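Undergrad: Note that the protein sequences, when read in sequence, are chains A and B.
Counted from 1, the first sequence has number 57 at position 57 by our numbering; the numbering is strictly sequential.
Counted from 1, the second sequence has number 157 at position 157 by our numbering; the numbering is strictly sequential.
C-beta: ideal position from N, C-alpha, C; glycine also.
This one's a predicted model, so the numbers in the text were calculated from it and none came from an experiment.
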Amino acid sequence: MMLFNRQQTQLKTLPHLDWLEAEAIHIMREVAGQCSNPVLLFSGGKDSICMLRIAEKAFRPGRFPFPLMHIDTGHNYQEVTDFRDKRAAELGERLIVRSVEDSMKRGTVVLKHENESRNKHQSVTLLEAIEEFGFDACIGGARRDEEKARAKERIMSFRDEFGQWDPKNQRPELWDLYNARSHKGENIRAFPISNWTELDVWQYIQLEGLELPSIYFAHNRPIVRRQGSIVPVTELTPARAGEEIVDLQVRFRTVGDITCTAPVESDADSVEKIIAETATTTITERGATRLDDQASEAAMEQRKKEGYF
Amino acid sequence: MQLIEDHGLLRFLTCGSVDDGKSTLIGRLLFDSKAILADTLSAIEKTSLKRGMQDVDLSLLTDGLQAEREQGITIDVAYRYFSTGTRKFIIADAPGHEQYTRNMVTAASTANLAIILVDARKGVQPQTRRHSYLAHLVGIPHLVVAVNKMDLVDYSQQRFEEIKADYLAFAEQLGIQDVRFIPLSALKGDMVVDRGENLPWYDGDTLMEILEAAPAAHTEHDEPFRFPVQYVCRPQDSTNPELHDYRGFMGRVESGSIRVGDAVTILPSGRTSLVKAIELGGEPLREAITEQSVTLLLTDEIDISRGDMIVKTDALPTQTKQVDATVCWLAEAPLDRARTYLIRHTTRETKAKVAAIEWRVDINTLERQAAERLQMNDIAQVSFKLAQPLLTDAYADNRGTGAFIIIDESTNNTVGAGMITKLAA
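In structure tokens form, the structure reads like this:
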């Protein structure tokens, strides 16, 4: 019997963040090598900021072999959209913005009521943009640790002509041999940071010294407490009758549509402090901050089947 | 802030069925390593109550899809994450049933260690053999047989030793070399993360200690340098005149390592050159090691494109238009010998036809039998004729250059997985 021993772990191996980065670079290059017209989704959020750094590592000194695209709900924090535009300009890469509001004007998105979260309606605008530009692959920053339905998602995930994900009929994915083939009209969603956790993302941000929109760090903000969540008071999300507005020190763990993204109470005003907090937190990223995933156990799976990222 | 040593990342596979307590074991690993957070726990508490259970059912953590929750079984491979102070872990959780051989092969393909669960009451079962065979077939170097539910056999050392002897008898037949045994109770937590107090006769490592010490991939023996080119960087449109002649060959080191100044051969052309520079994101590196994604620059101007392979001149792979491979058929539509398929190997693709099906293995008896066609979940020895040459090593020597997938061009589905067994010239 040849049993492994402890000495062997001392042999040369990549530290875990380097390994994750190398895997992500490999996946991006596979998309570039296999697909004819990919696009990278960039929202200005922390995961997609990591994706841009990975793209730089993958393709510099050349240009990215894909444009950047943001599906804007029109309900984003100004700091985040400003950051999005600034970052794209610094990189000298093309940024496409397509807006849910335009889909509403076209009548392809119909809200149930004026204040309904536009988050799930991004799917429609995304599919329209895919058709408009003829993209055969969308590279996104989704992670498997975010949500149960994502844990079974492939790194190269196939979507049919209607943008639908069929969880029971996914392509087997073996070794690092990715199959990003699709016929015209179909689409591949590629997830280079599938194997990252929230903590990995923060550690990578620290390692690479990445700049982030200010709302990720602790700041004071008027909020109300509603059904156990902290709801920021904004024009879109005013306080309801009887609710007490308080000024609280908070930070955002995820940034998305204002109407469905909640901050957490925190005094972590630096990446180091956020890492310390993330390592000891007791609530998942989505559980704490996404007001839309809690509706049912299968909420995310359902949205993904309908074409959501 | 990296104050503690980083032992990298270990990918491992858990095989067994819900009956063996596999989901409970995963739940236990996640729970005791504090990877399960309060809101997730409260969600499964609610579900446990709804199903009329008294204790929290940790196995619910791993049922990802609606269909799985409804049926109470695992259908597809799920990936789970946790880390300890020194290491990050990725668990591939594969369903145990025979019908899901393909899912286990899929999960095993990226794993470096497999935990094979045995119910202490039932001992070694046909599925234990099946799982061990598959783990071995897919080249997982380290096996851990976790004899679970020790609490239900009074933590009997004798029972544990019986199972160990049974297992070793057939492991030897399979040629399994590195296997270790651990008695545990996933339900009670004994020997998973904490030692507990019920197994004083066992003086080996806990499961977590084994996982923390197991070698990560590629650290165990020297493999020859293999660098499949993924993408070529030629930033000619750049305003920087220094970049006008820049040709960067981008890829991931599948195996081995490379240093600036090394002599390399480019295949299939056979041209040779020297490594002028190694870069990552435009920054120079002196060396690149296995699994690193880098850009190579060569001293000579050579036409190289995606699908070519850069190797060290002193250790070349086999260039061949015929491969013999152990194949796992993954698709519902059976293998059609009359059809042409596409094989993707490293970054190369070629059309391929089946030349012969040598044998098919009965996954329960492990006997070889003649076969004319292959159905989903079949494992068989197949030889292929190829339209274009591939640059291969035997899978047993090199997982990166010994593996391929088979694609059906009409649907673009991945329909088969192959592991190259012997190399034809």
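Applying a beta-carbon distance threshold of less than 8 Å, which residues of chain A neighbour B/V77?
TA: As a position in the second sequence, residue 77 of chain B is number 77, starting the count at 1. Going along chain A in sequence order, the residues near B/V77 (Cβ under 8 Å) are K152.
Undergrad: Looking at chain B, is there any beta carbon in it that lies within less than 9 Å of the beta carbon of A/N195?
TA: The residue given as residue 195 of chain A occupies position 195 in the first sequence. It does; some Cβ of chain B falls within 9 Å.
Undergrad: Quick check on DSSP: helix, strand or coil for B/G248?
TA: Here residue 248 of chain B is taken as the residue at index 248 of the second sequence, counted from 1. If DSSP states are grouped into helix, strand and coil, B/G248 belongs with the strands.
Undergrad: For B/S109, which residues in chain A fall below 8 Å Cβ to Cβ?
TA: For the purposes of this step, residue 109 of chain B is taken as the residue at position 109 of the second sequence. Going along chain A in sequence order, the residues near B/S109 (Cβ under 8 Å) are L174, W175.
Undergrad: Cβ of B/D6 less than 9 Å from any chain A Cβ?
TA: In the second sequence, the residue the question calls residue 6 of chain B occupies position 6. It does; some Cβ of chain A falls within 9 Å.
Undergrad: Do B/S255 and B/R226 come within 9 Å of each other at the CB atom, strictly closer than that value?
TA: Within the second sequence, the letter at position 226 stands for residue 226 of chain B. Within the second sequence, the letter at position 255 stands for residue 255 of chain B. It is a contact, given that the beta carbons lie within the stated cut-off.
Undergrad: Determine the direct distance from the alpha carbon of B/I304 to that of A/E147, and round the result to whole angstroms.
TA: Looking up residue 147 of chain A in the first sequence gives position 147. Looking up residue 304 of chain B in the second sequence gives position 304. The alpha-carbon atoms of A/E147 and B/I304 are separated by roughly 41 Å.
Undergrad: Residue ranges of each beta strand (DSSP E) run of no fewer than 3 residues wholly in the stretch 370-395 of chain B, ordered along the chain?
TA: Listed in chain order, they are 379-392.
Undergrad: Could you name the residues that DSSP lists as bridge partners for B/E349?
TA: Translated into positions along the second sequence, residue 349 of chain B becomes position 349. In the DSSP output, where bridge partners are listed per residue, B/E349 has B/R344.
Undergrad: Out of curiosity, what's the CA-to-CA distance linking B/D308 and B/R348?
TA: Counting from 1 along the second sequence, the entry for residue 308 of chain B is found at position 308. Counting from 1 along the second sequence, the entry for residue 348 of chain B is found at position 348. Their Cα atoms are separated by approximately 7 Å.
Undergrad: For B/C233, return the contacting residues in chain A, with the cut-off set at a CB-CB distance below 9 Å.
TA: In the second sequence, the residue the question calls residue 233 of chain B occupies position 233. Chain A residues near B/C233: F59, R60, P61, G62.
Undergrad: Would you call A/H183 buried or exposed, if buried means 16 or more other Cβ atoms sit within 10 Å of its Cβ?
TA: Along the first sequence, read from residue 1 onward, the residue named residue 183 of chain A stands at position 183. Flag for A/H183 reads exposed.
Undergrad: Does the beta-carbon of B/E283 have 16 or more other beta-carbons within 10 angstroms, so that it is buried, or is it exposed?
TA: The residue labelled residue 283 of chain B in the question sits at position 283 within the second sequence. Per the 10 Å Cβ criterion, exposed.
Undergrad: Closer than 7 Å, Cβ to Cβ, to anything on chain A: give me those residues from the stretch 262-294 of chain B, in chain order.
TA: The stretch 262-294 of chain B vs chain A, Cβ under 7 Å: L280, G281, G282, I289, E291, Q292, S293.
Undergrad: Locate the beta strand (DSSP E) running through B/T272, then write down its first and last residues.
TA: For the purposes of this step, residue 272 of chain B is identified with residue 272 of the second sequence, where counting begins at 1. Here the beta strand (DSSP E) through B/T272 covers 271-280.
Undergrad: Around the Cβ of A/N195, are there at least 16 other Cβ atoms within 10 angstroms (buried) or fewer (exposed)?
TA: What you label residue 195 of chain A is simply residue 195 of the first sequence in a count that begins at 1. That one is buried.
Undergrad: Considering Cα atoms alone, identify which of A/N169, A/R84, A/I258 is closest to A/I223.
TA: Taking the first residue of the first sequence as position 1, residue 223 of chain A is located at position 223. Measuring from the Cα of A/I223, the nearest candidate turns out to be A/I258.
Undergrad: Can you give me the start and stop residues for the alpha helix (DSSP H) that A/S123 sits inside?
TA: Here residue 123 of chain A is taken as the residue at index 123 of the first sequence, counted from 1. Looking at the DSSP string, the run of the alpha helix (DSSP H) that includes A/S123 is 122-133.
Undergrad: Tell me which residues share the same chain as B/R28 and place their Cβ nearer than 7 Å to its Cβ, disregarding the 5 neighbours each side in the sequence.
TA: As a working note, residue 28 of chain B is residue 28 in the second sequence. So the list reads L58, A186, G189, V192, once near-sequence residues are dropped.
Undergrad: Is B/A165 near the ligand SAH, judged by its Cβ being under 8 Å from some heavy atom?
TA: No copy of the ligand SAH occurs in the structure displayed, which carries no ligand at all.
Undergrad: Looking only at DSSP bridge pairs, what is B/E283 linked to?
TA: As a working mapping, residue 283 of chain B is identified with position 283 in the second sequence. Its beta-bridge partners are B/L280.
Undergrad: Counting only Cβ pairs nearer than 8 Å, list the residues of chain B close to A/S229.
TA: Residue 229 of chain A sits at position 229 when you count from the first residue of the first sequence. None at all; the shortest Cβ gap to chain B is about 12 Å.
Undergrad: B/Y231: which of A/P15, A/W19, A/C35 sits nearest, CA to CA?
TA: Within the second sequence, numbered from 1, the residue matching residue 231 of chain B stands at position 231. When each option's Cα is compared against that of B/Y231, the closest is A/C35.
Undergrad: DSSP three-state call for B/N103: helix, strand or coil?
TA: As a working mapping, residue 103 of chain B is identified with position 103 in the second sequence. It is helical.
Undergrad: Could you tell me which chain A residues have their CB closer than 7 Å to the CB of B/L9, listed as they occur along the chain?
TA: Along the second sequence, read from residue 1 onward, the residue named residue 9 of chain B stands at position 9. Within 7 Å Cβ-Cβ: H16, W19.
Undergrad: Mind checking who B/G416 pairs with in its DSSP beta bridge?
TA: In the second sequence, residue 416 of chain B corresponds to position 416, counting from 1. Answer is B/W329, B/I406, bridged to B/G416.
Undergrad: Give me the Cα-Cα distance between B/L134 and B/M104, rounded to the nearest whole angstrom.
TA: Taking the first residue of the second sequence as position 1, residue 134 of chain B is located at position 134. Taking the first residue of the second sequence as position 1, residue 104 of chain B is located at position 104. One C-alpha to the other measures close to 8 Å.
Undergrad: Any idea what DSSP makes of A/C50, helix, strand or coil?
TA: In the first sequence, counting from the first residue as 1, residue 50 of chain A sits at position 50. Three-state result, A/C50: helix.
Undergrad: To the nearest angstrom, how far is it from the Cα of B/W359 to the Cα of B/A315?
TA: Along the second sequence, one-based indexing puts residue 359 of chain B at 359. Along the second sequence, one-based indexing puts residue 315 of chain B at 315. Taking the straight line from one Cα to the other gives about 32 Å.
Undergrad: Answer yes or no: do A/V271 and A/S43 have a C-beta to C-beta separation smaller than 9 Å?
TA: The residue given as residue 271 of chain A occupies position 271 in the first sequence. The residue given as residue 43 of chain A occupies position 43 in the first sequence. Their beta carbons are not under 9 Å apart, which means A/V271 does not touch A/S43 by this criterion.
Undergrad: May I ask you to verify whether the stretch 169-184 of chain A touches the stretch 24-35 of chain A, counting CB pairs closer than 8 Å and requiring at least 3?
TA: Result yes; three or more Cβ-Cβ pairs closer than 8 Å.
Undergrad: I'd like the list of long-range same chain contacts for B/A171, defined as Cβ closer than 7 Å, with 5 residues on each side in sequence excluded.
TA: Counting from one through the second sequence, the residue named residue 171 of chain B turns up at place 171. These residues qualify, in order along the chain: S132, V179.
Undergrad: Can you give the Cα-Cα distance for B/F384 and B/P200, rounded to whole angstroms?
TA: In the second sequence, the residue the question calls residue 384 of chain B occupies position 384. In the second sequence, the residue the question calls residue 200 of chain B occupies position 200. Cα to Cα, the separation comes out at about 54 Å.
Undergrad: Can you pull the chain B neighbours of A/E79, defined as C-beta to C-beta under 7 Å?
TA: The residue labelled residue 79 of chain A in the question sits at position 79 within the first sequence. None at all; the shortest Cβ gap to chain B is about 26 Å.
Undergrad: B/M309 CB to nearest chain A CB: under 9 Å?
TA: As a first step, residue 309 of chain B is located in the second sequence; it is residue number 309 there, counting from the start. No, B/M309 lies away from the interface with chain A (no Cβ there is under 9 Å from its Cβ).
Undergrad: Grab the span of the alpha helix (DSSP H) containing B/S23 for me, first residue to last.
TA: Along the second sequence, one-based indexing puts residue 23 of chain B at 23. Its alpha helix (DSSP H) spans residues 22-32.
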